[in-house]
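Have a look at the structure below before the remarks.
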Amino acid sequence: MLSEARTATLADNERREESGSLKRYLKRIFGFLLRYNTIVVFIVMVVVSTALSDVFLTQRNILNLLRQLSGLSIVCMGMLMIILTGGIDLSVGSLAALGSVLIAFFLQDTNLLFALLLTFGAGILLGSASGLLVSVWKMAPFVATLAMMTVARGLSFVVSKGAPITANDQILFDFGTGNWLGIPYPVLLMFAVFLIILLVLRFTAFGRIITAIGSNESAVRLAGIRVGYYKFAVYAITGFLCMLGGIISTSRTGVGSPIVASGMELDAIAAVVIGGASLNGGRGSAINTLLGVFILGMIGNIMNLLNVPSYPQQILQGIIIVIAVLIQGVQINRSN
Amino acid sequence: MTENPYRVELINISKSFRGVHALRNVTFSVLPGEIHALVGENGAGKSTLMKILSGAYQRDSGEIRIDGQHVEIRNPHEGRERGIGIIYQEFSLAGDLSVAENLFISKLAGTGGVINWGALYKKSATLIESVGFQIDPRVRVRDLSVAYQQMVEITKEFSKNVKVLVLDEPTAVLAPKESERLFSVMRRLKEQGISFIHITHRLEEVLAISDRITVLKDGEVVGTVLTKDVNKDDIIQMMIGRKLSAMYPPRDVTMGEEVLSVSGLSGLNNVTDVSFSVRKGEVLGIAGLVGSGRTDVARAIFGADRAFSGKITLHAKPIKATSVGKMVKAGIGLVPEDRKQQGVILPMTVRANVTLPSLQKVTRFLGIFRARRERAIVGDLITKLSIKTNGMDAEVADLSGGNQQKVALAKWLSRECDVLILDEPTRGVDVGAKVEIYNAINALAAQGIAIIMISSEMMEVIGMADRVMVMSRGHVTGFLEGDEITEENVLRLSISHVDNPTPEPA
Chain Z
1 MLSEARTATL ADNERREESG SLKRYLKRIF GFLLRYNTIV VFIVMVVVST ALSDVFLTQR
61 NILNLLRQLS GLSIVCMGML MIILTGGIDL SVGSLAALGS VLIAFFLQDT NLLFALLLTF
121 GAGILLGSAS GLLVSVWKMA PFVATLAMMT VARGLSFVVS KGAPITANDQ ILFDFGTGNW
181 LGIPYPVLLM FAVFLIILLV LRFTAFGRII TAIGSNESAV RLAGIRVGYY KFAVYAITGF
241 LCMLGGIIST SRTGVGSPIV ASGMELDAIA AVVIGGASLN GGRGSAINTL LGVFILGMIG
301 NIMNLLNVPS YPQQILQGII IVIAVLIQGV QINRSN
Chain C
1001 MTENPYRVEL INISKSFRGV HALRNVTFSV LPGEIHALVG ENGAGKSTLM KILSGAYQRD
1061 SGEIRIDGQH VEIRNPHEGR ERGIGIIYQE FSLAGDLSVA ENLFISKLAG TGGVINWGAL
1121 YKKSATLIES VGFQIDPRVR VRDLSVAYQQ MVEITKEFSK NVKVLVLDEP TAVLAPKESE
1181 RLFSVMRRLK EQGISFIHIT HRLEEVLAIS DRITVLKDGE VVGTVLTKDV NKDDIIQMMI
1241 GRKLSAMYPP RDVTMGEEVL SVSGLSGLNN VTDVSFSVRK GEVLGIAGLV GSGRTDVARA
1301 IFGADRAFSG KITLHAKPIK ATSVGKMVKA GIGLVPEDRK QQGVILPMTV RANVTLPSLQ
1361 KVTRFLGIFR ARRERAIVGD LITKLSIKTN GMDAEVADLS GGNQQKVALA KWLSRECDVL
1421 ILDEPTRGVD VGAKVEIYNA INALAAQGIA IIMISSEMME VIGMADRVMV MSRGHVTGFL
1481 EGDEITEENV LRLSISHVDN PTPEPA
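Protein chains in written order, with the working numbering: chain Z, 1 to 336; chain C, 1001 to 1506.
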């Protein structure tokens, strides 16, 4: 891409005067940066963080950061699909907390396999409930999932009676703390989920249809496609992915807690948006969403390393989100 | 200087949208106390002209004069200041507010921002009486009938010293008796020196109420005549009067058996008792005015809207149009009238758009794409319909209107389909692309697809259709075949209605 720009510029040099071609050259670079703004922001963040802290670019810190972000990343893959259809899911944080509590709760009475099945079942069920409200009863996704957010959080408090439940299962604990070739299992799981969603979005009819729904729902409906079915499906899948996020949390800490993942829905939406997705639907990609999660995670990580207190951290985080999204806006306006 | 007789003059007005002429040197004037009817086919430029007068659009060239003075009307607010009132078919009333509140919505508050209800009601009652209506200003607008809502809308204009009132199809929503009442109000206000510009399709009405008539066609004035000098046939002659051009390529028609038949269909928007059938290789035109129920019939057959009653038979088997998916599977396709909102997905690629209705065909197990097969199918259709695009991975948004429409057509060719419904297939498409779309339609018919083509363009219907069904106000007012398909006949059936039918053409 860049070399293409360079050859074009060199050719121009023969015809145009120096300043004109330099302007064009800069314009091309600027256009390139805008087009790939998520990855550019990501790289800038890495460079800046490395410069600011010696600890940042150490294997220990990176793996630790990835492990922390694994649950959020997985949830974000679901959020991305929902946002692609033009929806939103505010219940993901509460559902993850419920997942964290349920796995520990079920492990009290049954083995890991059944506990996993029951937990996933509950997640799919609650996700489906949101999906039904949105697709069949045409409720605004914001409202439907706002209700689900409260319900799921309440459920996790009811199940846990308000206190953390210890999860006593060695396999689960090993999963949360162990690694393969140095890479923590949760991080491997995160990349696996990412890869699956990436492939689904890029190479399957399902992926194309949910993107199309977010772009122009009536055109999809008039093509004879059952729009409601797909809308329902993305919420159900997200319910499942939220359980996965919650289970990872429990596997890392050894306890199921009803207060984990509070505010995760906002982080997830922010990450998807930083990754260039449009909240109106129809635009967004798995790779950029993952980068969005990493960018968001790095902001917190570098500020922790630099001992920035947590309250100013939040302010800076907000400002960086605004900047990232502003850049997206510039890019969209240019392409229009 | 002599006294200028005209209240409003529009002189040599031209307006084009993206290079397409909507109005060309249109000159139109209104006398004080005159009812001036403005007639013409859909797309003749009536609304554009009125929007220029009211300030909603700006002219490209020409001049506007009010009472002999040159004026610039830069926005609807300025239009209103100058005494131009316009009443659209869609009312702009707040349904949950009272009549009085609606009448004085922009100046409700009295001293200190507090509403003096007593004074407001009194002021409203006086205004309503001065216009000659009897409406209780305390009533909620939502609780009034449509006719009364229209009266409120008219009264509202008179709260702003209106001198010229534009009525866009005012009787479309009214029962005959209510129309009569409106006309008597118009006559009375006319005596007071108020001018009316009356836009309508109903020629009987034009002859009954107007003083002068101006006919627009293709953005140009055909003529302005005194109503007392003309009859209905004269007006129709003025509205059409054009030769069939060479735009419509000839076609070898070999019609096969009946594919689709519809009987007794009733549904949304007054669609009542519609029956017709279409055969293999036939192009059935559906003509009629906008709002006559043509699109509603199409949507009901396609399963996009539920029909209230009626039978649909496809391939001699009865079928219930309960969902679009079902009808698509059964072999019906629909290219909707609103291309950008419903026909194509603008931010997606040509490839993704074309295969949207036929995803099963280009995917395998788990819905994974067979990329090569998809590319072959799409590439084939791009060639076949000569879609001008920068490759199949270009976004549809970057294509011209005509090529976007070809993409919408290609969607249905990507799967086998027996009946294709085209709703306004060439709306907003330039002439060259039109001919290509006509060629495509002919090729499809030649392949044995039954085509139902809804169109507001008279020439298109005449040039393309083997048979024409004409609708008016939700009813079928007649079928035309062969030599009977003339502009006069189509127009006559379009503006007749079932409770008052015009005789079948000879």
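Beta carbons are placed, not taken as given, at the ideal position from N, Cα and C, and that holds for glycine.
When C-beta distances to chain Z are compared with 7 Å, the residues of the region 1348-1379 of chain C below that value are M1348, A1352, L1356, P1357, L1359, T1363, L1366, G1367, I1368, F1369, in chain order. Of the residues C:P1137, C:K1217, C:I1236, C:R1212, the one whose Cα lies closest to the Cα of C:D1229 is C:R1212.
For C:F1302, at least one C-beta of chain Z is nearer than 9 Å to its own C-beta. Contact annotation: C:T1383 and C:Q1405 have beta-carbon atoms that are not nearer than 9 Å.
Taking C-alpha positions only, C:I1495 is separated from C:V1215 by approximately 16 Å. Look at Z:R208: its C-beta is under 9 Å from a C-beta on chain C. Between the alpha carbons of C:E1220 and C:Q1134 lies a distance of about 41 Å.
When the five nearest sequence neighbours on each side are left out, the beta carbons in the same chain lying within less than 7 Å of the beta carbon of C:P1170 are those of I1087, Q1150, L1182, in order along the chain.
Taking C-beta separations shorter than 8 Å and ignoring five residues to either side along the sequence, the partners of C:R1375 in its chain run R1351, M1392, following chain order. Under the Cβ criterion (8 Å, minimum of three pairs), the region 1441-1451 of chain C counts as touching the region 1264-1283 of chain C. The three-state reading of DSSP puts C:R1339 in helix, counting H, G and I together. The beta carbon of C:P1137 sits closer than 6 Å to those of V1099, A1100, Y1121, S1124, A1125, all from its chain and outside the five residues before and after it, given in chain order. Where C:P1176 is concerned, the enclosing alpha helix (DSSP H) starts and stops at 1176-1191. Listed as beta-bridge partners of Z:W180 by DSSP are Z:I183. Listed along chain C is no residue with a C-beta nearer than 8 Å to that of Z:N37; the closest approach is about 18 Å. With a minimum length of 4 residues, the unbroken runs of alpha helix (DSSP H) contained wholly in the region 231-317 of chain Z fall at 264-274, 286-305. Note that the C-beta distance between C:V1335 and C:L1203 is not below 9 Å.
Not one beta carbon of chain C lies nearer than 9 Å to the beta carbon of Z:L80. Under the DSSP assignment, C:V1225 falls outside any alpha helix (DSSP H), being part of the beta strand (DSSP E) whose first and last residues are 1220-1226.
Along the length of the region 74-143 of chain Z, whole alpha helix (DSSP H) runs at least 4 residues long occupy 92-107, 112-135, reported in chain order. Between C:I1345 and chain Z, the shortest Cβ-Cβ separation is below 9 Å. When C-beta distances to chain C are compared with 8 Å, the residues of the region 223-248 of chain Z below that value are A223, G224, I225, R226, in chain order. For the pair C:N1353 and C:V1344, the CB atoms are nearer than the 9 Å cut-off.
For the pair C:R1339 and C:G1401, the CB atoms are nearer than the 9 Å cut-off.
The beta carbon of C:R1188 lies closer than 6 Å to those of G1132 in the same chain, with the five residues before and after it left out.
For C:V1146, no Cβ of chain Z is located within less than 9 Å of the residue's own Cβ. Assignment of C:N1012 by DSSP, reduced to helix, strand and coil, places it in the strand class.
Here the region 1231-1241 of chain C does not lie against the region 1071-1088 of chain C, with fewer than 3 beta-carbon pairs under 8 Å apart. Counting C-beta pairs closer than 8 Å gives fewer than three between the region 261-279 of chain Z and the region 50-58 of chain Z, which falls short of the contact rule.
Taking 9 Å as the CB threshold, Z:F203 lines the interface with chain C.
Chain order gives the chain Z residues near C:G1325 as G224, I225, R226, where near means a beta carbon separation below 8 Å.
Note on C:R1142: under 16 other CB atoms within 10 angstroms of its CB, so exposed under the neighbour-count rule. Excluding residues up to 5 positions away in sequence, E1337, I1454, S1455, S1456 lie with their Cβ nearer than 7 Å to the Cβ of C:E1424 in the same chain. In the three-state reduction of the DSSP assignment, C:V1297 falls in the helix class, which pools H, G and I.
By DSSP's assignment, Z:L222 forms no beta bridge with any residue. The distance from the Cβ of Z:S249 to that of Z:R153 is about 15 Å, inconsistent with a contact at the 8 Å cut-off.
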